[in-house]
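Numbering (the numbering used here), first residue to last: 336 to 510.
C-beta atoms are modelled at their ideal positions from N, C-alpha and C, and glycine is treated no differently.
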């Protein structure tokens, strides 16, 4: 399947995290994806396993779309929940694309790849919400559970005018 920007007009949140996760982390990421989708937000991620698979699954189950920015050249490497697999051929350098693909980045657990994405996101002015780790990094917003992580992301999208609030007004109206 080929992706065209016109295929999704929903706001995006990038979700990053480990390729290997615990059952609890998988469920947290799945819930984040589901909650974002239910609010009309699509997800962009690295498109592989672990957190990426879980958030993709939750987003699709919630009715959303998932853009997977894959490190290799083969779209078939994407997890089965990715709506639009985009092979980049960039290896770990694709982390820069993921980190800059949305105004908000949610980090769930992870290791050095996640750390690189966190650093890029913060350096380029993205709002970063962390769940299951990374709370000691200056400039991040720490969430205690999946619902709070999604809520912080949604509040940011509303405040920046990317998403309408439940009352129907964008965060920047009237300014």
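Three or more beta-carbon pairs separated by less than 8 angstroms are not found between the stretch 363 to 372 and the stretch 448 to 455, which leaves the two stretches without contact. Contact check for residue 382 against residue 408 fails: the beta carbons are separated by 8 angstroms or more.
Around residue 392, the same chain offers 365 and 416 as residues with beta carbons nearer than 6 angstroms, after the five sequence neighbours per side are excluded. Bounds of the alpha helix (DSSP H) holding residue 368 are 358 to 373. Across the structure, residue 427 and residue 494 are spaced so that their CA atoms are roughly 31 angstroms apart. Using a Cβ distance threshold of 8 angstroms, residue 485 and residue 349 do not count as a contacting pair. Proximity to residue 501 across 375, 403 and 401 peaks at 375, based on C-alpha coordinates. Apart from the 5 residues on each side of it in sequence, residue 481 sits with its Cβ closer than 6 angstroms to the Cβ of 363, 366 and 367 in its chain, given in chain order.
Pairing residue 378 with residue 371 gives a Cβ-Cβ distance under 8 angstroms. Ranked by Cα distance from residue 444, the first of 429, 354 and 425 is 354.
Assignment of residue 355 by DSSP, reduced to helix, strand and coil, places it in the coil class.
Under the three-state reduction of DSSP output, residue 403 falls in the strand class. Excluding its 5 nearest sequence neighbours in each direction, residue 433 has C-beta neighbours in its own chain below 7 angstroms: 349, 351, 379, 380, 381, 404 and 452, listed in chain order. Distance from the CA of residue 459 to the CA of residue 396, rounded to the nearest whole angstrom, comes to 31 angstroms. Each residue's CA atom was taken as its position, placing residue 457 and residue 469 some 12 angstroms apart.
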